[in-house]
Every structure is written in structure tokens, then in C-alpha cells.
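Undergrad:
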Amino acid sequence: MQANVGRRNESGTSGRRLAAWAAGLAALGFATAAPAQETFRLGIVSFLSGQAAESFGIPAVNGAKVVLEAFNAGTAPAPYNKVGFGGVRIEPVYVDENGGATKQVQELRSLYDREKVDAVVGYVGSGDCLAVAPVAEELKKFLILYDCGTPRIFEDGKYNYVFRTASHATMDNVALARYLKARNVKADTFNLINQDYAWGQDSRKDFVLAMEKLYPQAKQGEDLLPKFGAGQYGTEISALMAKPADVTHSSLWGGDLQAFILQAGPRGLFKRTQMVFSAADHVLPGLGDKMPDGTILGARGAYGLMAPKSALNDWWWSIYQKAYNVYPVQAPYRMIQSLLGLKLAVEKAMAANGGKKPTPEQLAAALKGSEWDSPAGHIRMALGDGHQAVQDTAIGKTRYDAAKKMVVLDDIQRFPADCVNPPANMKSEDWLKAGFPGAKCN
Amino acid sequence: MSLALTIAVDGLTYASWLFIVALGLTLVFGVLKILNVAHGSFYALGAYAAASLVAWAAALKLAPAWSIVALLLAAVVVAAIVAPLVERGLLRFFYGRDEVLLVLVTYALFLVLEDVTKLVWGTSPYYVSAPYALFGNVEVGTQVWVGYDFLLVAVAIVVGLLVWWGLNRTRQGKIVLAVIHSAEVAASMGVNVSRVYMLAFSVGIFLAALGGAFTAPMISVVPGVSVGVIVVSFAVVIIGGLGSIGGAAIGALIVGLARSLAVHLAPVAELFSIYIVMAAVLVVRPEGLFQQTQARKI
Numbered sequence: 042m043q044a045n046v047g048r049r050n051e052s053g054t055s056g057r058r059l060a061a062w063a064a065g066l067a068a069l070g071f072a073t074a075a076p077a078q079e080t081f082r083l084g085i086v087s088f089l090s091g092q093a094a095e096s097f098g099i100p101a102v103n104g105a106k107v108v109l110e111a112f113n114a115g116t117a118p119a120p121y122n123k124v125g126f127g128g129v130r131i132e133p134v135y136v137d138e139n140g141g142a143t144k145q146v147q148e149l150r151s152l153y154d155r156e157k158v159d160a161v162v163g164y165v166g167s168g169d170c171l172a173v174a175p176v177a178e179e180l181k182k183f184l185i186l187y188d189c190g191t192p193r194i195f196e197d198g199k200y201n202y203v204f205r206t207a208s209h210a211t212m213d214n215v216a217l218a219r220y221l222k223a224r225n226v227k228a229d230t231f232n233l234i235n236q237d238y239a240w241g242q243d244s245r246k247d248f249v250l251a252m253e254k255l256y257p258q259a260k261q262g263e264d265l266l267p268k269f270g271a272g273q274y275g276t277e278i279s280a281l282m283a284k285p286a287d288v289t290h291s292s293l294w295g296g297d298l299q300a301f302i303l304q305a306g307p308r309g310l311f312k313r314t315q316m317v318f319s320a321a322d323h324v325l326p327g328l329g330d331k332m333p334d335g336t337i338l339g340a341r342g343a344y345g346l347m348a349p350k351s352a353l354n355d356w357w358w359s360i361y362q363k364a365y366n367v368y369p370v371q372a373p374y375r376m377i378q379s380l381l382g383l384k385l386a387v388e389k390a391m392a393a394n395g396g397k398k399p400t401p402e403q404l405a406a407a408l409k410g411s412e413w414d415s416p417a418g419h420i421r422m423a424l425g426d427g428h429q430a431v432q433d434t435a436i437g438k439t440r441y442d443a444a445k446k447m448v449v450l451d452d453i454q455r456f457p458a459d460c461v462n463p464p465a466n467m468k469s470e471d472w473l474k475a476g477f478p479g480a481k482c483n
Numbered sequence: 002m003s004l005a006l007t008i009a010v011d012g013l014t015y016a017s018w019l020f021i022v023a024l025g026l027t028l029v030f031g032v033l034k035i036l037n038v039a040h041g042s043f044y045a046l047g048a049y050a051a052a053s054l055v056a057w058a059a060a061l062k063l064a065p066a067w068s069i070v071a072l073l074l075a076a077v078v079v080a081a082i083v084a085p086l087v088e089r090g091l092l093r094f095f096y097g098r099d100e101v102l103l104v105l106v107t108y109a110l111f112l113v114l115e116d117v118t119k120l121v122w123g124t125s126p127y128y129v130s131a132p133y134a135l136f137g138n139v140e141v142g143t144q145v146w147v148g149y150d151f152l153l154v155a156v157a158i159v160v161g162l163l164v165w166w167g168l169n170r171t172r173q174g175k176i177v178l179a180v181i182h183s184a185e186v187a188a189s190m191g192v193n194v195s196r197v198y199m200l201a202f203s204v205g206i207f208l209a210a211l212g213g214a215f216t217a218p219m220i221s222v223v224p225g226v227s228v229g230v231i232v233v234s235f236a237v238v239i240i241g242g243l244g245s246i247g248g249a250a251i252g253a254l255i256v257g258l259a260r261s262l263a264v265h266l267a268p269v270a271e272l273f274s275i276y277i278v279m280a281a282v283l284v285v286r287p288e289g290l291f292q293q294t295q296a297r298k299i
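First to last, the sequence lines map onto chains A and B.
Going left to right, the first sequence walks through residues 42 to 483 as this note's numbering numbers them.
Going left to right, the second sequence walks through residues 2 to 299 as this note's numbering numbers them.
#1: List in chain order: all unbroken beta strand (DSSP E) runs of 3+ residues lying wholly within the stretch 327 to 366 of chain A.
#2: Anything in the stretch 197 to 225 of chain B with a Cβ closer than 9 Å to a Cβ of chain A? List those residues in chain order, please.
#3: What's the C-alpha gap between residue 336 of chain A and residue 276 of chain A?
#4: Could you list which residues in chain A have their beta carbon closer than 7 Å to that of residue 229 of chain B, in chain order?
#5: Using a cut-off of 9 Å between C-beta atoms, extract the partners of residue 138 of chain A located in chain B.
#6: Buried or exposed for residue 94 of chain B, going by 16 or more other Cβ atoms inside 10 Å?
#7: Below 8 Å, can you find three or more Cβ-Cβ pairs linking the stretch 417 to 437 of chain A to the stretch 207 to 216 of chain A?
#8: Along the stretch 275 to 293 of chain A, where does the CB come closer than 7 Å to a CB of chain B? Name the residues.
#9: Keeping to the same chain, check which residues put their C-beta closer than 6 Å to that of residue 139 of chain A; ignore five residues upstream and five downstream.
#10: What does a CB cutoff of less than 6 Å around residue 323 of chain A pick up in its chain, not counting 5 residues either side in sequence?
#11: Looking only at its own chain, which residues have a Cβ that is under 6 Å from the Cβ of residue 252 of chain B, when we skip the five neighbours before and after it?
#12: Run the CB neighbour count on residue 482 of chain A, radius 10 Å, all protein chains shown included, and call it buried at 16 or more, exposed below.
#13: Can you tell which of B:58, B:255, B:273 and B:260 has the C-alpha that lies nearest to the C-alpha of residue 289 of chain B?
#14: Do you know how far the Cα of residue 287 of chain B is from the Cα of residue 453 of chain A?
#15: Kindly indicate if chain A contains any beta-carbon less than 8 Å away from that of residue 107 of chain B.
#16: Check this for me: beta carbons of residue 161 of chain B and residue 13 of chain B, under 8 Å apart or not?
#17: Is the Cβ of residue 331 of chain A closer than 8 Å to any Cβ of chain B?
#18: Rounded to whole angstroms, what's the CA-CA distance from residue 212 of chain A to residue 425 of chain A? Just pull it up for me.
#19: Alpha carbon to alpha carbon, how far is residue 117 of chain B from residue 69 of chain A? Give it in angstroms, no decimals.
#20: Closer than 8 Å, CB to CB, is residue 125 of chain B near chain A or not?
#21: Expressed to the nearest angstrom, what Euclidean distance is found between the alpha-carbon atoms of residue 154 of chain B and residue 130 of chain B?
#22: Check distances from the C-beta atoms of the stretch 237 to 248 of chain A to those of chain B and list, in chain order, the residues that come in under 8 Å.
#23: When the Cα atoms are used, what is the spatial distance from residue 145 of chain B to residue 354 of chain A?
#24: Under 8 Å, do residue 20 of chain B and residue 157 of chain B count as touching if we go by C-beta distance?
#25: For residue 95 of chain A, return the contacting residues in chain B, with the cut-off set at a CB-CB distance below 7 Å.
#26: Taking the C-alpha atoms as reference points, what is the distance between residue 62 of chain A and residue 79 of chain A?
#27: Between the alpha carbons of residue 34 of chain B and residue 387 of chain A, how many angstroms are there, rounded?
#28: State buried or exposed for residue 183 of chain B, treating a residue as buried only when at least 16 other CB atoms are found within 10 Å of its CB.
#29: Look at the alpha carbon of residue 108 of chain A and the alpha carbon of residue 449 of chain A, and state the distance between them as a whole number of angstroms.
#30: Can a CB atom of chain B be found closer than 8 Å to the CB of residue 307 of chain A?
#31: Roughly how many angstroms separate the alpha carbons of residue 466 of chain A and residue 427 of chain A, rounded to a whole number?
#32: Along chain A, in chain order, which residues have C-beta atoms closer than 8 Å to that of residue 91 of chain B?
#33: I need the straight-line Cα distance from residue 194 of chain A to residue 274 of chain B, nearest angstrom please.
#34: What residues from chain A crowd round residue 269 of chain B, counting only those whose CB sits closer than 7 Å?
#35: Among A:287, A:357, A:459 and A:396, which one has its Cα closest to the Cα of residue 416 of chain A?
#36: Just to confirm before moving on: does the CB-CB distance between residue 185 of chain A and residue 383 of chain A stay below 8 Å?
As C-alpha cells, this is what we get:
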């Protein structure tokens, strides 16, 4: 099943029409001093419909809207305070990621060929990322993958035009296992429940490999793989309750995660096992007191309630919360992270290019191996030959605060990027199997 | 508690949920000969309407038990509003056309309704947990089930019996059966066929919305809830035979038990289990378990 593609030009056709009028007037000799304004056309692809829209797609697009508005107004804090990208106004084109990988390949081609975008930032789904990356490379067009988690993109492939500005899922699961170890959580046995597609399979594998090294005596029990969008977890919960383990790991997210919590909570599963979720921060604002206390979770970065204190993070919270009346969670964090990196890369490339809009090659050269500050901390394009980011992350434990009427996170522990990410030129799986060589955790 | 009993209970509760939705799908196909891809959208509308009505009942400070009435009312409201709009405003223009065209029409409707739900309810999740807590827990051995799960079983049994009784023991039901057998002959006997179509479609939508409304307390109601249910519902009606009520019941039980067996004994085969059963049935009986082979009309 697929929902429709929603394509919308933020400035709309009226903007282009005005530009055309201005150009026409100039030709007739009525021109003022300023020529028609050049824009940087930016394709932004995320879920605007379907099951991933509520938790990831829409919050990320909302984040893009407030950030790009601030960029165009020149109100972002330094060093991001130049108007637009280096003085060139940003013109976003939003595209729906829903509909499957084949459709996304067509949509990406259309963005480059028909919409004439200068760059694309997009993709939540790991399957979508795996499908579109080779297409951008073939077309020699600039592409930033801002969200998807599978490590396979840059470990199994080599790209010149494709980047990922957030850490991959290995970090999330290594951090979870390290958190359990650091807090002396009993884990003689562990169960698993992950969705049966690239994200769930990769997350499951990373957690199992990390546990083998940190808890060599731990025995793996149930290994459940419900389909994406299952909605009904009664049978899985029975299986987990029949053979409860000390720890139960899950990378469920979005509506699936919420349904699982709503169904497992009343049945008492959270009292029989220590639940650990690798990517669950985004359900906290909605679930409120329905989120069981004491659940250990990550956010795929030091995002939201676990973000480090900084002026940049304060500014980001304020513009997002003011616009949407809710605090930003992981998806909008990863969106702003990518847009900040892109902004600096475009401006660096423009500076080396006499102020002209950069080519995809110039953009790629500027972003490759670069570093920048984001609301979630420092981002380094350190893996995948300078195309894959690493970042610090954090894990915390849930507690419903009745006075604040929200879930807060206690016992937050931060992990440096080099502690929970593999080193350059080493595949995640090999790094995990070798026992995290080169990891720097202090 | 024995594993067999756990598998049976899990299979039965899953089958109940499936049956309510699949019954509407098979009824609409049986009468209107429409493979209704938009059925999942009516399920989603039921879930969203339930979220709104339960919240409304809570705002009026009605007793929690009224939330169950709100769930039922949600399904009625969806059927009463949406069925005439869709059947009279869209589908009737395509009656008698190729079945593939009707699949495409309902697919288009599915896409439209996805956006309609977003326009009306937005993209934020809705929680309707009040009814889920009404029936307490049932503890058997090491297992704990929520009492609400067993309410779904009761709802499925009541709905199935009511539809069977309505079709086989009432005058209106006999008329519907006559239309199912041959709309042309029924019309020549003075039956208002378009009214029968309208009635059957309304009941079909009511059942889809009822499934969504009673599922809402167990999930977060978000965009996209319509997708998963429709795929499995199609598997149920194909196994049971399109247009067969008994087939939908047996199909739902087979799918529920196959899935439960897989999750408990071979989790990696969970998704595969449903479709291997469907494939096996189709190999033996291509028309499904309960659909009679049709004579070719000339």
C-alpha cells in the first residue's frame, strides 16, 4: 500500500512567477539595480504520510521549516548567521518518503532532473537509503542521508556524492549494552523484539554482538521479529512473558513502539524484565504517564531530554517549542544537524568558488571529513572516508514527573563518539566481534 | 500454564480482531463484487472517530463504562456518514464495470481517505486507553492477559452471529442473498438492488469501523494504521473464500493460530506463516475453503 506523494514548493510558484516578472521587466528596460534573485533549491524528503509520518517524518520536516526560516532570516546563532546559504536564499521542495524504495528512486531522479534541486537532504527508512544512495552517485548529484540507521550504506559501498550526517545504529546498541554494564544491570539472559526489516535486523545483530563481549555469560532467549506496522503484539508479549529474561531489547519505533508499550504495560511485562529501547525518546511526549518508569532508552544521539547544555541547543529548543508547542525529539534534531552541516559546507564551497553556487563536486569536497557543532554536540564526518558522521550519544532511564506532567529521564550517561562507534576503515560487525578495538570511553 | 493454551488464547484473540474487519470485506465483495482496498481506511476512520468520541465522553465526565458505548457509536457514525457518500457518490457509477477497475477506484479512495484523516485529525497520535483498563487482567499460570482482549472475542462472536442471522433468518437477508445469487433476476422480481447495495456497503463499513474503534484502545491512533490490517484481512478472506461469512471466521482462526504458533515456536517464520497457509489453501482449493465453485454464466 502506498499513500500519495505530497510535493510542495515552500515558496510556491508565486515566488518563481515574481522572479520571472522581474526578469521580464529587466529585459524591457524597467529593471531596478537588483537582478532576479538566485536561490539554493533544496529537496527535503521525509515521511509526510504513512506510519512513519507521526514520529519521524512530520517532526523532521517541522524542524526543517523553522531552521530554514531562521537561515533565510539570518537569525540563527553564529557561525550559522549568514542569510540563507552564504547570502543565497534557500528554497525548499518537500517530498513524501512514503511509498517504498522503488518509488523513492523515481522521486529522487525527479528532484534532480525536473525540480533542478541543488542538493537533497532526506530519508528515514534504511531500505530507502540503501536504494537511493547508488542513484545519487550514478547521477553525480549531492545527497545527504539525515536519519536512517543501517551501517551498511558506507560499509558495503563507496560514494563520492552521498553523505550521512548522523551516526549509524551500531552506536545506539553499543551504548545500550555499555550502559547496562556501567550500571551493573543484571543481564544473565536477554530477549529481543525487533521489526523484520533492515533497521530491526541490524539493530538486533549489533546488540547481540555487543552483549557477547560485555556480558559473555549472557544467554539469548526469545528472538522475535514482528513485521513493520504489525500493531498487534499480544502474541509476542505472551512469548516474552512465558520466558522472561533479565533484559529485553527492542529497536521498535513510532506507532509500533507505542502499541507495544500500551499492550505490554498493562500485562506487567515491564515488571518482569528490564526493557531497553534503542530509539524511544520520540514517544515520551505523547505517552506521558503510560510510559512505564524505569525503562532504559536511547534516542540515537544526545537528543531531546538528553541533549547537552549549550547556547545552540537553547536556541533550537526555543524556536521549535515556540512553533509547535512540544520539545524537539530525535528526528528534528537529526534534521537540524544535517542542515547545519550542509550550510557550512555550502558556504565553505562558495568561499572557494568566488561566491558562486557550488557544483555537487565542490559541495562534496567541502563536506567530506568536515566537523561542526550541532544542538546535540560536535559532529565529525569521520567514517566512510569522510562521508559518515560520528557523534556523542546518551542513554537514560524514564520516570513520569507528575508535577511537570511529563516523562523525564534520570541517570543519564553520556558516551563519547569514539567509545561507541567503530574506527575509520573498520566495519561495525568486525569491530564488535573483535571486542571494540580502539574504543576510547574516558 | 501449558504452551498449547497460550498459543490457543493468543491465536483466538488475534483471530477475533481479524474476523471483525475481514467480515465486512467479504460481505462487500459477496454483494457488490468489489474487492474494497479502501476497507482499511474505514477501519482507520473508526479508530479516529473512537478516539474523538471517547475523549468527548471523558470531557462530559461520563462514567468510564460509557467509553464502550462511545466505541460502538463511533462505528455507527462512520457508517452513517461515509457509506452514503462513498456508495452513492462514487461506487455506483462503476457497477458492472471490470473488477480490476473497481480495485483501482477503491485504491484511489484509500489514498484520498489517508489524506482526509490527516486533514481532520492531524498527524499527532491519539490515545484511547480508558476502555482498555475497564475489564482488568486475567491471570492464568505465568500469563497475564488484559480482560479487554476477551471482550474482542465476545464482540467477534456476537457480530458474526448477528450477520449470519440477519442474512439467513430475516426477510431483508433473503433479499440480499437473492441479489448475491443474481442481481438481474432479483431486480426483475421487484427487488430494489441499489438499496441492497447501499445496505450491504453500510454494514461492511460499519464492521471495518467497528474493528478500528475496538482496536483504538490498544494502539496509538496515527496515520497509516489502515495499511497493516487490510493486507492480513485479504489473506483471511482469500483463505476462507471471498464472500463467505463462515469462510471469514475459519480463515481468521487459521491465520490467528498459524501466526501464534509461529511466534511461539519459530518466530522467524511469523510473516511467512500466514502466507504459506494461504498458498497451501489456494493450491488445494483455488476458490478458498468455503466458496462454492461458480457455474459460468453465458
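A virtual CB, placed ideally from N, CA and C, is assigned to each residue, including glycine.
TA: Based on what the coordinates show:
#1: If we require 3 residues or more, the beta strand (DSSP E) runs fully inside the stretch 327 to 366 of chain A come out as 337 to 339.
#2: Answer set for the stretch 197 to 225 of chain B: 216, 218, 219, 220, 221, 222, 223, 224 and 225.
#3: One C-alpha to the other measures close to 21 Å.
#4: Per Cβ cutoff of 7 Å: 270, 271 and 272.
#5: Scanning chain B for C-beta atoms nearer than 9 Å to the C-beta of residue 138 of chain A yields nothing, as the closest lies near 12 Å away.
#6: In summary, residue 94 of chain B is exposed, with fewer than 16 beta-carbon neighbours lying within 10 Å of its beta-carbon over all protein chains present.
#7: Yes, the stretch 417 to 437 of chain A touches the stretch 207 to 216 of chain A.
#8: Result list: 275, 276, 277, 279, 280, 282 and 283.
#9: The answer, listed in chain order, is 44, 88, 90 and 91.
#10: Taken in chain order, the residues that qualify are 96, 370 and 371.
#11: 237, 240 and 241, listed in sequence order.
#12: Its Cβ having fewer than 16 others within 10 Å, residue 482 of chain A is exposed.
#13: Taking only the C-alpha atoms, the option nearest residue 289 of chain B is B:255.
#14: Their Cα atoms are separated by approximately 58 Å.
#15: Look at residue 107 of chain B: its C-beta is not under 8 Å from any C-beta on chain A.
#16: Contact flag unset, no.
#17: Any Cβ of chain B closer than 8 Å to the Cβ of residue 331 of chain A would place that residue at the interface, and such an atom is present.
#18: Going by the C-alpha atoms only, they are around 15 Å apart.
#19: Reliability of the predicted coordinates at residue 69 of chain A is poor, the pLDDT of 43 falling under 50, and the value obtained from them is presented with this limitation in mind. Each residue's alpha carbon lies about 47 Å from the other.
#20: Yes, because at least one Cβ of chain A sits closer than 8 Å to the Cβ of residue 125 of chain B.
#21: Cα-Cα distance, rounded: 18 Å.
#22: Residues of the stretch 237 to 248 of chain A with a C-beta less than 8 Å from any C-beta of chain B: 237, listed in chain order.
#23: Residue 354 of chain A has its alpha-carbon roughly 44 Å from the corresponding atom of residue 145 of chain B.
#24: Yes, Cβ-Cβ distance for residue 20 of chain B and residue 157 of chain B is below 8 Å.
#25: Neighbourhood of residue 95 of chain A in chain B, by CB distance below 7 Å: 124, 125, 126, 223 and 224, in chain order.
#26: Only weak support is given to the placement of residue 62 of chain A: the predicted model assigns it a pLDDT of 47, under 50, and the value that follows is read from those uncertain coordinates. Separation of residue 62 of chain A and residue 79 of chain A (C-alpha to C-alpha, rounded to the nearest whole angstrom) is 14 Å.
#27: Going from the Cα of residue 34 of chain B to the Cα of residue 387 of chain A covers about 57 Å.
#28: By the neighbour-count criterion, in which 16 or more other beta carbons inside 10 Å mark a residue as buried, residue 183 of chain B falls on the exposed side.
#29: Roughly 26 Å separates the two Cα atoms.
#30: At a cut-off of 8 Å between beta carbons, residue 307 of chain A contacts chain B.
#31: Going from the Cα of residue 466 of chain A to the Cα of residue 427 of chain A covers about 10 Å.
#32: Near residue 91 of chain B there are no residues of chain A at all, since even the closest Cβ is about 17 Å away, more than 8 Å.
#33: Going by the C-alpha atoms only, they are around 31 Å apart.
#34: One finds 266 in chain A with Cβ atoms closer than 7 Å to the Cβ of residue 269 of chain B, taken in chain order.
#35: Checking every option, the nearest Cα to that of residue 416 of chain A belongs to A:357.
#36: Contact: yes.
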